[in-house]
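Participant:
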Amino acid sequence: MRRPDIVRKISESLRNLEGLETYVYGSEARGEASSDSDIDLLILLPDSLSTKERIELEQQIHGQLLPIELSEDTEISPLILQQKVWNSRKTFFTTNVLNDRIRI
161 MRRPDIVRKI SESLRNLEGL ETYVYGSEAR GEASSDSDID LLILLPDSLS TKERIELEQQ
221 IHGQLLPIEL SEDTEISPLI LQQKVWNSRK TFFTTNVLND RIRI
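Just so we're on the same page, our numbering is the position in the sequence shown counted from 1, plus 160.
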């Protein structure tokens with residue numbers, strides 16, 4: 161499967177999980193990914209979640225991504241954070257992600 165199709169598959173698999181903001185960043189977003197590149201995801205969770213709800217949602221996300229990784233033989237690297245945590249980080253890394261990211 162072509163990489164844009166894998167990203168589309170990821171987007172479709174996470175769409176049924178409410179409240180997520182999902183972005184591709186890194187080499188995939190810049191159009192520089194090779195066939196052995198991972199797919200970097202930034203997944204932002206609602207701030208309103210309790211710790212238990214957040215953990216359950218993170219488990220659901222990983223449960224949706226693992227079959228895609230296995231079937232497509234492509235590593236998916238999700239960074240999963242609550243929105244407020246993401247917004248509080250001001251680093252070189254976060255600046256690069258903000259510049260590269262594409263919402264899916």
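C-beta atoms are modelled at their ideal positions from N, C-alpha and C, and glycine is treated no differently.
Between Tyr-185 and Asp-198, how many whole angstroms is the CB-CB distance? I'm expecting something under 8 Å.
Facilitator: That belief does not hold up - the Cβ atoms of Tyr-185 and Asp-198 are roughly 11 Å apart, past 8 Å.
Participant: Using the three-state DSSP reduction, which class does Glu-216 fall into: helix, strand or coil?
Facilitator: Reduced to three states, the DSSP call for Glu-216 is helix.
Participant: Find the nearest neighbour of Ile-236 within the set Arg-249, Lys-250, Pro-227, judged by alpha-carbon distance.
Facilitator: Pro-227
Participant: Around the Cβ of Ile-203, are there at least 16 other Cβ atoms within 10 angstroms (buried) or fewer (exposed)?
Facilitator: buried
Participant: Using a Cβ-Cβ cut-off of 8 Å (strictly less than) and excluding sequence neighbours within five positions of Lys-244, which residues of its own chain qualify?
Facilitator: Asp-207
Participant: Could you check what DSSP says for Glu-181 in three-state terms: helix, strand or coil?
Facilitator: strand
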